[in-house]
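Note that the numbering used here gives residue 184 to position 91 of the sequence shown, counting from 1, and the numbers run on in steps of one.
Note that the Cβ used here is the ideal one computed from N, Cα and C, for glycine as well.
Note that the structure is predicted; figures quoted are calculated from it, not measured.
Working notes, structure below.
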Amino acid sequence: MEHAIPALVLAALIVVGGVMLAGVTNSSIDSVGQSWRDMEALSEERLGTDLTVVSTNVTGGGADLTVVLGNEGRTAIQEPSLMDQIINYEGTDDERYVVWLPYTDDNPPGDNQWTVDSISGDYRNPGVFDSGEEMTIKVHLNPAIKDGPSRWLVFATELGIAYTIYF
């Protein structure tokens, strides 16, 4: 009889520990499941992104770059300000520049900035780059771009899809 009470206490501790372990395992599985669903949703959005380069034009003695992109995918670009642009070019001073360009709402943009000049056919969702529309991007660089083949712009969407544009 002297062993019955400690045995019951020990059995109760084992049961409580098992219940706690099961609860922690269940919440961990729920967290992993939610993360998996979020990852699948993001992958689906990425698969629906398809941008094409319609045209590029360098003007202003090499200081201004205009890029026209077409959205041929099924995913709309909601916030152009969340996109990143990195340009790699040789300047008119014969130096190589690799510059991250911040977005600005100003048009024309300031030195080493970019902005959305217009979105053609923007009737359905004004300000959103929907499927079937063309977006004109203006970039202003200082120093200006030197003529030549070794210049490109990396354009990354808010979903992490990157495009390299040679111009």
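Residue i and residue j closer than 8 Å at C-beta
i, j, result
"residue 231", "residue 157", "yes"
"residue 209", "residue 228", "yes"
"residue 112", "residue 258", "no"
"residue 200", "residue 192", "no"
"residue 148", "residue 161", "yes"
Own chain partners of residue i with C-beta closer than 7 Å, once the 5 adjacent residues on each side are dropped
i, result
"residue 249", "176, 177, 255"
"residue 185", "155, 236, 237, 239"
Closer than 8 Å to chain B by CB, residue i
i, result
"residue 124", "Although the question refers to chain B, the structure presented lacks it and comprises just one protein chain."
Cβ shell of residue i (< 6 Å), same chain only, five flanking positions each side left out
i, result
"residue 150", "159"
"residue 223", "169, 217"
Contact set for residue i: own chain, Cβ-Cβ below 8 Å, skip 5 residues either direction
i, result
"residue 183", "189, 190, 238, 239, 241, 243, 244"
"residue 187", "239"
Residue environment, residue i, which counts as buried when at least 16 other CB atoms sit within 10 Å
i, result
"residue 164", "buried"
"residue 207", "buried"
"residue 118", "exposed"
"residue 142", "buried"
"residue 195", "exposed"
"residue 202", "buried"
"residue 226", "buried"
"residue 212", "buried"
> Can you find at least 3 beta carbon pairs, one from the region 158 to 170 and one from the region 212 to 224, that sit closer than 8 Å?
Replying inline: Yes, since at least three Cβ pairs between the region 158 to 170 and the region 212 to 224 fall closer than 8 Å, the two stretches touch.
> Can you list the beta strand (DSSP E) stretches of 3 or more residues lying completely in the region 134 to 220, in chain order?
Replying inline: Within the region 134 to 220, the complete beta strand (DSSP E) runs of at least 3 residues fall at 144 to 152, 157 to 164, 177 to 183, 189 to 194, 206 to 213.
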